[in-house]
Structure formats: C-alpha cells, structure tokens
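The next block holds one structure in the form of structure tokens; read it before the comments.
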Amino acid sequence: MAERRGIAERVRFRDIIYELQTTQGYECLQACLVCPDGEVFSFASGYARTTVKEKKKNSPRTFPITIDTTFRLGTSSSLFVTAAIMRLITKNQLSLHSTVDRWFPNLPRDITIESLLTHQSGLTDVLTHPLVTLLSEMAPSHKWNARHVVKRLLSKKQRFPAFAGVAYSATNFLLLALIVEAISGKTYREYLVSERIINPKFVSFLDNGAEVDPRLIGGIDETAVTGPTRVKPRFSQRDSLAWATGAGVASATTMALWVREMATTDRFFDRHLFYEMEQIPDAPRIGPAGNGLGTFATGLSAGRMCGKPVYGHCGQTRGYESLAVYCPEEGYSIALNANSSRELCSLRPIAQAIVSEMIPMHRRPF
11 MAERRGIAER
21 VRFRDIIYEL
31 QTTQGYECLQ
41 ACLVCPDGEV
51 FSFASGYART
61 TVKEKKKNSP
71 RTFPITIDTT
81 FRLGTSSSLF
91 VTAAIMRLIT
101 KNQLSLHSTV
111 DRWFPNLPRD
121 ITIESLLTHQ
131 SGLTDVLTHP
141 LVTLLSEMAP
151 SHKWNARHVV
161 KRLLSKKQRF
171 PAFAGVAYSA
181 TNFLLLALIV
191 EAISGKTYRE
201 YLVSERIINP
211 KFVSFLDNGA
221 EVDPRLIGGI
231 DETAVTGPTR
241 VKPRFSQRDS
251 LAWATGAGVA
261 SATTMALWVR
271 EMATTDRFFD
281 RHLFYEMEQI
291 PDAPRIGPAG
301 NGLGTFATGL
311 SAGRMCGKPV
321 YGHCGQTRGY
331 ESLAVYCPEE
341 GYSIALNANS
351 SRELCSLRPI
361 AQAIVSEMIP
371 MHRRPF
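Using our numbering, the first residue of the sequence shown is number 11, and each one after it goes up by one.
In structure tokens form, the structure reads like this:
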C-alpha cells in the first residue's frame, strides 16, 4: 500500500511539473520538493540549450533537461554568502554589529554586518551602476575586480543612513563575500569548500578562471529586456563581478536539500542563529523590493506560501529564474529553476501550486 501510494505521488508530482512547464511558457522547468519526513520528489521538464557548441553548425544544441542539469541561480547564490557569514559568527570571528569600515575605510562607519545582511546599508547597487551596465554591454568579456569596483564606485555618500530604510542592493552581499575572504585568508569559493558549506561537485560559480559546469544549460530568454545600448546580453556579462551574489550554478535538487540543511542542522552554523535570520527589519521600504518573495529578513528573503512564512531566496538573471525556500512551520523545502520565463518573479506562485497539492497529498493517511 505504501509503495503504491509513493508511486502515485511521484506520478502526480511529475504531471504537475509538466503541466506548469507547458502552460506557463517555460522552455524548461526543474523542481524539487523535500517533504517534512525527508522524502524527496524531483522532476525536470522541457528542453534547454547546452553551453557546449556544435563544431559544424556553431550553434547551441538542444537537449532534454534532467534533475541533474544545472542552472544559473542568480541572486539565490547569496544564500551561500549568508551561510559563510553565519559560520564566521559561530566561530566568534565576526558579529552582526561589526562595522565594515575596518575592511573598507572609504565606507561610512554606521554600516554594519547586520545592515548588509538586511539590505539596510543604503549603499548603491554597483551591478546596476550606469558605468558597470554600459561597460558590461559593450565589453561583456571584461573581467571585473570586485574590490576595485567597490573602491572606485562606492563612497561615503549613501542613498539613506544605515537602518533608516530597506532597499535591495547586490553590493551588500558583494561586500560580505569580500569580508569572508579578508577574515579567512582564502578566496570565497575556497572558504565555502573548506568549511563544507558547499560540495564543489554540486555547486559552482562562474567567476574569474572558473571552469564551466558541463551540465549548465545555455540559451537565453529571447524576450529578455535589453540595456541602454540595445545589445542582447551575453552569458559572461558581469559574472566576474557578481560571482558571490549572482553567479552560482546548481540544480533544484541540490538547492532544496541545501536550504533544508541550512535551516534544520548545525552543519553550517549554530542552529539558533536561524531564529535571528528569520527576523524582518522594522524599517520602511525604499525603492523596489528586489526579490520575488516579498521582503527581506537577515541574510534571507522572506515571504508567505500557502499562508505560512517561508525563508530562502529568489534569483533572477536575464532569461533565468530560481527559487529555494524552507518553511519552518510545515517543515518542507522547495527549489525551482526555470529558463525563458515570460515575466519576472514567476516562480513563487508555481512553487505555491506545487506545495498546495503535494504536501496535503503526502500527509494523507493510507
């Protein structure tokens, strides 16, 4: 009976993903749901283009994606930055109240680790800085030096004083990753691997000198908005600058299991810190939300799914979307990766549709 039920659940999960992929207009959709009892449902539907080009035609070939295919995570990559910072706090090498002028003397003294984690620093987003945008489109293969960009483009002038408001800025997590490097004496990626925050077999980054994961899909949403030069974006665009905040690569299965482990175990940092991470800043929103969940907690995005709070992150990079969240009240985690979405922030309702049917079905008595 249990075996028959398990088969029925997997068939239904497969059908849901296929239906959502085809009806919502995605080129491909990959999903993983980890139930409260630890059972894992994974499925992938659709076709993608590989990053390896055919020699004869010199054009990307299409292939059916699998649950092991890796996607660009976009801003969901910042979850690893959060884990690294919390690891340093656990080891008493850092605190939420540490000021960042110790590492970046050109920045205001009121900016702390907490203000970066909660997007309350008031700092300009260097990824959307006009000079960065223009150079990225005119010379997409340009290799950025994150520390140099921080020094040249950031100054003591803030959009608003620290803790006076909430405004998304990728700069915050770029600085946090650089602080990880300064304290550890290792590159950001080396620190994640040495502290076992990531397994390099399953998570990689498209930074300077990094080898491209052969499982990474290519292609891009043809409806993606172009920048001021009207040039269609290339894949290498700003990867070297956003390596920590937006250049991560992983599958949905990897992310669903990872975000659950982050929230429920002491493997990455003291578990009690997750309670602090759930706290949402009591400050006014200034500017667009900048994430597809709704608001920001400490190092995480926060929102509601099926009426319950969820924590994790959404990622958006031209042509790609990702989502990875954990629900403390229900005990499940879910992750999605998609290519060629028709609108931004489209994965949250998709995830909710999956959860609303699969979790009650899984809990139903025999």
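Quick reminder that beta carbons are idealized off the backbone N, C-alpha and C, glycines included.
Remark: C-beta atoms of A260 and V203 do not approach each other more closely than 7 angstroms. Note: I360 is not bridge-paired with any residue in the DSSP secondary-structure output. Two segments are said to touch when three or more pairs of C-beta atoms, one from each, lie closer than 8 angstroms; by this definition the region 322-336 touches the region 76-90. For the pair L126 and N209, the CB atoms are not nearer than the 7 angstroms cut-off. Straight-line measurement puts the Cα of R20 at about 35 angstroms from the Cα of A94. Taking a C-beta distance under 7 angstroms as the contact criterion, A174 and D135 do not qualify as a contact pair. Within its own chain, the residues whose Cβ lies closer than 8 angstroms to the Cβ of R97, once the five positions on either side in sequence are excluded, are E205, I207, F278, F279, listed in chain order. Spatial neighbours of G309 in its own chain (CB-CB distance under 6 angstroms, excluding positions within 5 residues in sequence) are listed in chain order as T92, L127, M287. One alpha carbon belongs to K161, the other to F114, and they sit about 8 angstroms apart. According to the DSSP secondary-structure assignment, E331 is paired through a beta bridge with Q326, A348. Counting the other CB atoms within 10 Å of its CB gives N155 a total below 16, which places it among the exposed residues.
DSSP places S125 in the uninterrupted alpha helix (DSSP H) bounded by 123-127.
By the criterion of a C-beta distance shorter than 6 angstroms, L186 is surrounded in its chain by V91, I95, L126, once the five residues flanking it on both sides are discounted. Residue burial is scored here from C-beta neighbours: A58 has at least 16 other C-beta atoms within 10 angstroms and is therefore classed as buried. The alpha-carbon separation between P74 and R373 amounts to approximately 32 angstroms. Residue pairing for K318: DSSP places it in a beta bridge opposite M315.
In this structure, the alpha-carbon of N349 lies about 6 angstroms from that of C38.
Assigned with DSSP and collapsed to three states, F215 falls in strand. For the pair C316 and V269, the CB atoms are not nearer than the 7 angstroms cut-off. Closest by C-alpha distance to L283, out of A293, P291, G341, M272, is M272.
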